[in-house]
Ligand code: SF4
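Numbering (my numbering), first residue to last: 904 to 1273.
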């Protein structure tokens, strides 16, 4: 489960996300990992192949195997260092599956002691077992990935070996138990649903009908086909007769969302992406076009290498941009991230100062920047 994982930290809104990832790149001099390709999982093989294609000036870039983050003083210091270099109010753990981390409660407690709001993203299969302790440690909210409301619907999006309606039914029961446990423990619950196109509108309406009272449903745009996805989101909004009440823009990052209110008062969120770039880092990036960089600059992520250091990256597609935490906090890139956020915060606040924040077809943005 967490064999090849480490933690990500994403500066968004400017919340920080911790994710477990399969592997990552770090710019470091010296030897790279030495595992024979045949012993590596597919993803690592493919990254290794990419290393071999690097131009001469990048041959000192090495990939590292990520390690599991421990709930120890090093983690507390790393969090504090990031917070000291990029003003931060929130930390968010993501997958892998954070509820399977054996020290999740302790990680939550450390982050809370540092003064951060703590969230996590989960598939909802193990939440009932861990959420009471996490809530007691200070967990504020959980974002659940929801793919369907019926075993058939869920089985249809599983890998072939897991595509059994029986197994899917068990997963749905576990998801329901997670939602009930979170609500009972005072943890705010959101359900993330990607909507590829209009074929998925009914599925979203069913999720709203089944879970819309206990959780805040967040429709996510499908980055592969934004047009069809946005049209489907609009259809959901129309069919539910939802009214837009607030647009939230994350200053200095690509995240934005519109908050709607249903006739019965329930909320509904529609999340999409702005084409945000870092002014220096993204300039000249080979992916800097609409097709290859659909997510844009989404935030900072932090990883831990198995060999020890925490590592900070600014782009999931450009892991070669990763720096060790020590390098990052002193770097121009850190100043660039901070400056970009401050500049856009000032611009958005000036632009929307005094505007209404509720009601109307074009609700004014609430600018997230702390
Ligand atoms: S892929 Fe990453 S580094 Fe490249 S333009 Fe997009 S956000 Fe910037």
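Every residue gets a Cβ at the ideal spot worked out from N, C-alpha and C, and that includes glycine.
Values in this document were obtained by computation on a predicted structure and should not be read as measured data.
Between residue 1248 and residue 1155, the CB-CB gap stays under 8 Å. Counting every other CB atom within 10 Å of its CB across the protein chains shown gives residue 1023 a total of 16 or more, marking it as buried. Taking a cut-off of 8 Å on C-beta distances, the segment 1064-1083 does not touch the segment 1098-1108, as fewer than three cross pairs fall below it. Taking C-beta separations shorter than 6 Å and ignoring five residues to either side along the sequence, the partners of residue 1227 in its chain run 1212 and 1214, following chain order. Rounded to whole angstroms, residue 1253 and residue 1151 show a C-alpha spacing of 15 Å. Counting only residues whose CB is nearer than 5 Å to a non-hydrogen atom of ligand 1, the list in chain order is 1185, 1188, 1190, 1191, 1196, 1200, 1218, 1220 and 1221. When secondary structure is reduced to three states using DSSP, residue 1042 falls in the strand class. Residue 1163 is bridged by DSSP to 1147 and 1171. Cβ contact annotation for residue 1014 (same chain, cutoff 7 Å, sequence separation greater than five): 982, 994 and 1021, in chain order.
Of the other Cβ atoms in all chains shown, fewer than 16 fall within 10 Å of the Cβ of residue 1233; this residue is therefore exposed. Three or more beta-carbon pairs separated by less than 8 Å link the segment 1024-1036 to the segment 1075-1091, which places the two stretches in contact.
If you draw a straight line from the Cα of residue 986 to the Cα of residue 1077, it is about 35 Å long. By the C-beta density criterion, residue 999 is buried, having at least 16 other C-beta atoms within 10 angstroms. When rounded, the separation of the alpha-carbon atoms in residue 1127 and residue 1051 is 20 Å. In its chain, beyond the 5 residues on either side, 1093, 1095, 1172 and 1174 have a beta carbon closer than 6 Å to the beta carbon of residue 1121.
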